[in-house]
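As structure tokens, the structure follows; a few thoughts come after it.
Chains as they are written, first to last, in this note's numbering: chain A, 1 to 28; chain B, 1 to 221; chain C, 1 to 302.
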């Protein structure tokens, strides 16, 4: 199912959901 | 409406047409499909038997172009121009849009210099206008432009057709994500249990203290 | 008084036939509507006030028109005369428009555009008039100062499917979707505007300029983490110092979140949402995307 695979591929690009220094500080 | 939903009907339409055509009629269908402003997926069309039969015929260059749009980039085209036909402006625009999707597959932060090189763009204004008008406003990517750090931070990118071998590391990524999520859930459960235990201990401790206070009061009275 | 009234009305009629609107209005405004000498019913008073206001508005004279519409506002609430009531509403919307109270004008134009009846008294309400009122509502909303209330009216208009048939719809769509409007689109929009909507403001911007620059600035803040004023000026099609001036005012008025580094000549846009909230939103988006995939699989019987 190419359409599904494209959707999963797009989904995986959202990982990791966030990666900024500011986030690390706020998260810690 | 997201990209997949929007192009699903287009894909069906082109696949139906391709199944009923042959030879040069197929060639012009390939040009139409690779020029269509809302179509960014081509593997279904490539999978139509009559399309792959173009191999080795006078129209095989069209088949090369279709393969290029399935998972090639603008650099692939420039690097092997004689292998393909001269692309029309709409195809050039689309191939550059697809190139951004490919770049966004590997990184969430795309440096301007890499983008300008990959897209054959000479200045920041031109690059940003392309990313704004032809990518973000079309809905294939969402993100933020950072001029100071000269990069484009991608928050969302539409999925491109899979390249051979990509499925394996997609499965790996999903598996490790699943494992991480399971671990996370386990550790959250443990935290909850720990919190419950601590609050029980706290309550017991508080009760002991209150009992002692009562005792002391009684002994005083 | 009776004779004076007849003469004044006759003269006003003549002025009107010669399209000397303000003279006709002045002639009628000489009629003493509050005289104790004669019994004048409220409907007559209301009709005169509205008629005078309409005449002044033919010459875009909002000040004089407003004086008579204010008089009419005490009479209209008890009036059962639907035609007069509608004319009063149209005058009031146009006065607000002329006074550049665009958001209030937009709401009144929109209210007028939603009239269901096609026949009020002897007046026939044709579709074109309603479409004009709807288009005027869209134009005024676009010209209004950016902010949450304007966003709400934009959303209402964008979701009203009648708007999709308007010539102005492409602009409405871009403004609602917070997309940057390029110079050719702005110039095309400017063609449709009335003189007062292109008038020069004290700060040397036209009404249209200010509305478009503010809109584009807000749109840019959705796309950029930061941008140099030179680039911003190029993007907006205005000199960099103008871009900085409007940006600083919008930040000061809390209509845009950000900070300006004058040494580097860069504006930093701030995301309203905290980093942790952004993380939450990204996770929500991820889970939504995962759900969509699972739904697609279920639909395909996988």
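All residues carry an ideal CB built from backbone N, CA and C; glycine is no exception.
Since this is a predicted model, take the numbers as computed values, not measurements.
Alpha carbon of residue i to alpha carbon of residue j, nearest angstrom
i	j	result
residue 172(B)	residue 179(C)	38 Å
residue 12(B)	residue 103(C)	45 Å
residue 51(C)	residue 10(B)	57 Å
residue 90(C)	residue 106(B)	58 Å
residue 206(C)	residue 143(C)	11 Å
residue 66(C)	residue 100(C)	13 Å
residue 159(C)	residue 134(C)	13 Å
residue 33(B)	residue 43(B)	11 Å
residue 216(B)	residue 190(B)	38 Å
residue 74(B)	residue 247(C)	37 Å
residue 174(B)	residue 180(B)	10 Å
residue 156(B)	residue 35(B)	23 Å
residue 120(B)	residue 185(C)	27 Å
residue 118(B)	residue 222(C)	25 Å
residue 47(C)	residue 84(C)	6 Å
residue 294(C)	residue 167(B)	18 Å
residue 291(C)	residue 4(A)	12 Å
residue 17(B)	residue 48(B)	10 Å
residue 14(C)	residue 4(C)	15 Å
residue 74(C)	residue 92(C)	13 Å
Partner residues on chain A for residue i, Cβ-Cβ distance less than 9 Å
i	result
residue 160(B)	6, 9, 10
residue 300(C)	1, 3, 4
residue 87(C)	Near residue 87(C) there are no residues of chain A at all, since even the closest Cβ is about 56 Å away, more than 9 Å.
Neighbourhood of residue i by C-beta distance below 8 Å, restricted to the same chain and skipping five residues each side
i	result
residue 61(B)	83, 84, 85
residue 204(B)	none
residue 149(C)	103
residue 258(C)	221, 247, 251, 267, 268, 269, 270
Contact set between residue i and chain A, taken where Cβ atoms lie within less than 7 Å
i	result
residue 293(C)	4, 7, 8, 11
residue 114(B)	Within 7 Å Cβ-Cβ: nothing; residue 114(B) doesn't reach chain A, min ~17 Å.
residue 278(C)	18
Residue-chain proximity (residue i, chain B), Cβ-Cβ < 8 Å
i	result
residue 19(A)	yes
residue 15(A)	yes
residue 158(C)	no
residue 223(C)	yes
residue 90(C)	no
Cutoff 8 Å: residue i Cβ touching any chain A Cβ
i	result
residue 146(B)	no
residue 69(B)	no
residue 179(B)	no
residue 275(C)	yes
residue 152(B)	no
residue 308(C)	Chain C is shown only over 1 to 302; residue 308(C) falls outside these bounds and no answer can be derived.
residue 296(C)	yes
residue 112(C)	no
residue 285(C)	yes
residue 130(B)	no
residue 118(B)	no
residue 215(B)	no
residue 4(B)	yes
residue 198(B)	no
residue 81(B)	no
residue 157(B)	yes
Chain-ordered chain C contacts of residue i [CB-CB under 7 Å]
i	result
residue 125(B)	231, 234
CB contact check: residue i to chain C, cutoff 8 Å
i	result
residue 137(B)	yes
residue 188(B)	no
Chain-order list of residues whose beta-carbon lies under 7 Å from that of residue i (same chain, five-residue window excluded)
i	result
residue 224(C)	269
residue 13(A)	none
residue 154(C)	141, 175, 176
residue 106(C)	137, 140, 141, 144, 153
residue 22(B)	50
residue 76(B)	68
Chain B contact residues for residue i, given Cβ-Cβ distances below 7 Å
i	result
residue 228(C)	147
Chain-ordered neighbours of residue i on chain A, where CB pairs are closer than 8 Å
i	result
residue 173(B)	12, 15
The ligand FAD heavy atom lying under 7 Å from the CB of residue i
i	result
residue 47(B)	This structure lacks the ligand FAD; in fact it carries no ligand of any kind.
Neighbourhood of residue i by C-beta distance below 6 Å, restricted to the same chain and skipping five residues each side
i	result
residue 64(C)	56
residue 229(C)	240, 243, 244, 265
residue 36(C)	none
Proximal chain B residues relative to residue i, where beta-carbon distance stays under 8 Å
i	result
residue 266(C)	147, 148
Taking a Cβ distance cut-off of 7 Å, strictly less, list which residues of the region 162-181 of chain C are near chain B, in chain order.
179, 180
Please list the residues of the region 84-112 of chain B that have a C-beta atom closer than 8 Å to any C-beta atom in chain A, keeping them in chain order.
104, 105, 108
Against chain A, which members of the region 37-50 of chain B pass a CB distance test of less than 7 Å?
41, 43, 44
Between the region 7-40 of chain B and chain A, which residues of the former have CB atoms less than 9 Å from a CB of the latter, in chain order?
7, 8, 11, 40
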